[in-house]
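Residue numbers (our numbering), protein chains in the order written: chain A, 2 to 169; chain B, 21 to 210.
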């Protein structure tokens, strides 16, 4: 079923563009141009987080932390293979894409672990980053209960994700 | 983030200094290479999606989506100003399409519009952070793109599970903010 979702949306979009007399080619090119600049902007962030994650892994600290937390994660039905992703997700968006890539390579893109990882990424957010950036241009210093609520909801989401990927 | 990164780097380099000092630089370079490879893949993904987004915007479909969401936003955020409503609507819809990078500038603008200069986060600001963090995902575009390029046979089969899970987290988030807000108000009265 879900195979059809994207193609159908694209067809509808193009038909709507014809109706609105939009020069699709010109504007697609214009939008696509932004991709290079965006990637150049985020590359240093991705690189520095991947470097830190790689060092953590080689030094064995990751294994140590995962072993420490695995029982807790297992209690909630979250596979220990996903500990790293769940722990780093609130801090770095681009870094978690790096971890996702690692998971794809290690377990295969269609495995249960990979599908869980995809859903977890979808239902969570780089909360600390978003919170800092969003209030950076205002007078607000603290966000009161915003971050705890967001973290709690994401954790419930993670548990749900692992459950739903088992049946769907 | 600064302290977090420093702890990660320092602790692992200290451990490696004892266990495997030659691995430090080679691992850093290898990771940086991985990052470059990932960025090239992301560039391809963004190229497709930013092209599509441009079409959505220029055709006026983005504006329509914002209009559609406005009544809901009025109810959830308790905001009356139309310009602010539109900013929030566009921020939320970018998030729904899994385009965090497109959502960020809109979110910053919305926050500025909501700021009452009191130095304290108000109800709508907290709600915006929580809704952003738990946002419903109609199309997790980046994840699907990366999964497709990793050789998945059906990269879109995560759309439905993601939709269900994010629907639940959004409801949980919004409800919690409302409940906590009510408790705080009651305490102030007492």
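Backbone N, C-alpha and C fix where the C-beta goes; we use that ideal spot for every residue, glycine too.
query                                                                                                                                                                                                           : result
Looking only at its own chain, which residues have a Cβ that is under 8 angstroms from the Cβ of residue 119 of chain A, when we skip the five neighbours before and after it?                                  : 101
Would you kindly report the start and end of the unbroken alpha helix (DSSP H) that includes residue 206 of chain B?                                                                                            : 179 to 209
If you draw a straight line from the C-alpha of residue 124 of chain A to the C-alpha of residue 38 of chain A, how long is it?                                                                                 : 27 angstroms
Give the C-beta separation of residue 139 of chain A and residue 131 of chain B to the nearest angstrom, bearing in mind that I take them to be a contact with Cβ-Cβ under 8 angstroms.                         : 5 angstroms
May I have a chain-ordered list of the alpha helix (DSSP H) segments no shorter than 4 residues that lie completely inside the stretch 47 to 76 of chain A?                                                     : 62 to 76
Compute the beta-carbon to beta-carbon distance between residue 31 of chain B and residue 52 of chain A, rounded to the nearest angstrom, for a pair I have assumed lies under 8 angstroms.                     : Wrong, their Cβ atoms sit about 14 angstroms apart, outside the cutoff.
For residue 84 of chain B, which beta-bridge partners are listed by DSSP?                                                                                                                                       : Paired residue(s): none; residue 84 of chain B is not in a bridge.
According to DSSP, simplified to helix, strand and coil, what is residue 143 of chain A?                                                                                                                        : strand
Could you tell me which chain B residues have their CB closer than 9 angstroms to the CB of residue 1 of chain A, listed as they occur along the chain?                                                         : One cannot answer for residue 1 of chain A here, as it falls past the ends of chain A, which runs 2 to 169.
If you draw a straight line from the alpha carbon of residue 21 of chain A to that of residue 77 of chain B, how long is it in whole angstroms?                                                                 : 12 angstroms
Just by C-beta distance, which residues in the stretch 61 to 82 of chain A are closer than 7 angstroms to chain B?                                                                                              : 61, 62
Excluding the five sequence neighbours on either side, which residues of its own chain have a C-beta within less than 6 angstroms of the C-beta of residue 165 of chain B, listed in chain order?               : 65
Give the interface partners of residue 86 of chain A over in chain B, defined as CB-CB distance under 8 angstroms, in chain order.                                                                              : Correct list: empty, because the minimum Cβ distance to chain B is about 12 angstroms.
Excluding the 5 residues preceding and the 5 following residue 196 of chain B in the sequence, name in chain order all residues of the same chain whose CB lies nearer than 8 angstroms to its CB.              : 150
Would you kindly work out how many angstroms separate the C-alpha atoms of residue 140 of chain B and residue 109 of chain A, rounded to a whole number?                                                        : 46 angstroms
Around the C-beta of residue 167 of chain B, are 16 or more other C-beta atoms found within 10 angstroms, so that it is buried, or is it exposed?                                                               : buried
Whose CA, out of A:89, A:88, A:126, A:80, lies closest to the CA of residue 164 of chain A?                                                                                                                     : A:80
Quick one: which chain B residues come within Cβ less than 8 angstroms of residue 143 of chain A?                                                                                                               : 140, 141
Could you check what DSSP says for residue 140 of chain B in three-state terms: helix, strand or coil?                                                                                                          : strand
Would you mind giving the Cβ-Cβ distance between residue 59 of chain B and residue 40 of chain A, rounded to the nearest angstrom? I have them listed as a contact below 8 angstroms.                           : 5 angstroms
With burial defined as no fewer than 16 other Cβ atoms inside 10 Å of the residue's Cβ, what is the status of residue 45 of chain A: buried or exposed?                                                         : exposed
Would you please verify whether the beta carbon of residue 97 of chain A is less than 8 angstroms from any beta carbon of chain B?                                                                              : no
Reducing DSSP to helix, strand and coil, say where residue 1 of chain A ends up.                                                                                                                                : Residue 1 of chain A lies beyond the range of chain A shown here (2 to 169); nothing can be said about it.
Give every residue of the same chain whose Cβ lies closer than 7 angstroms to the Cβ of residue 174 of chain A, excluding the five residues on either side of it in the sequence, and list them in chain order. : The structure shown has nothing for residue 174 of chain A, since chain A only spans 2 to 169.
In chain order, which alpha helix (DSSP H) runs of at least 4 residues are fully inside the stretch 74 to 126 of chain A?                                                                                       : 84 to 89, 94 to 108, 113 to 124
Taking residue 68 of chain B as part of the alpha helix (DSSP H), name the residues at either end of that continuous run.                                                                                       : 43 to 78
Specify the secondary structure class of residue 170 of chain B as computed by DSSP and reduced to three states.                                                                                                : coil
Residues of chain B with CB closer than 8 angstroms to the CB of residue 157 of chain A, please, in chain order.                                                                                                : 188, 189, 192
Verify the CB distance criterion: does residue 172 of chain B have a CB-CB separation below 8 angstroms to chain A?                                                                                             : yes
Apply the 10 Å Cβ neighbour rule to residue 115 of chain A and answer buried if 16 or more other Cβ atoms are within range, or exposed otherwise.                                                               : buried
Are any of the Cβ atoms in chain A nearer than 8 angstroms to that of residue 11 of chain B?                                                                                                                    : Here chain B has residues from 21 to 210 only, and residue 11 of chain B is not among them.
Could you pull the start and end residues of the alpha helix (DSSP H) that residue 131 of chain A belongs to?                                                                                                   : 128 to 136
Could you tell me whether the stretch 40 to 47 of chain B touches the stretch 140 to 155 of chain A, where touching means 3 or more Cβ pairs closer than 8 angstroms?                                           : no
So, does the CB of residue 90 of chain A fall closer than 8 angstroms to a CB anywhere in chain B?                                                                                                              : no
Would you say residue 154 of chain B and residue 118 of chain B are within 8 angstroms of each other, going by their C-beta atoms?                                                                              : no
Looking at C-alpha atoms only, which residue of A:133, A:61, A:42 is the closest neighbour of residue 44 of chain B?                                                                                            : A:61
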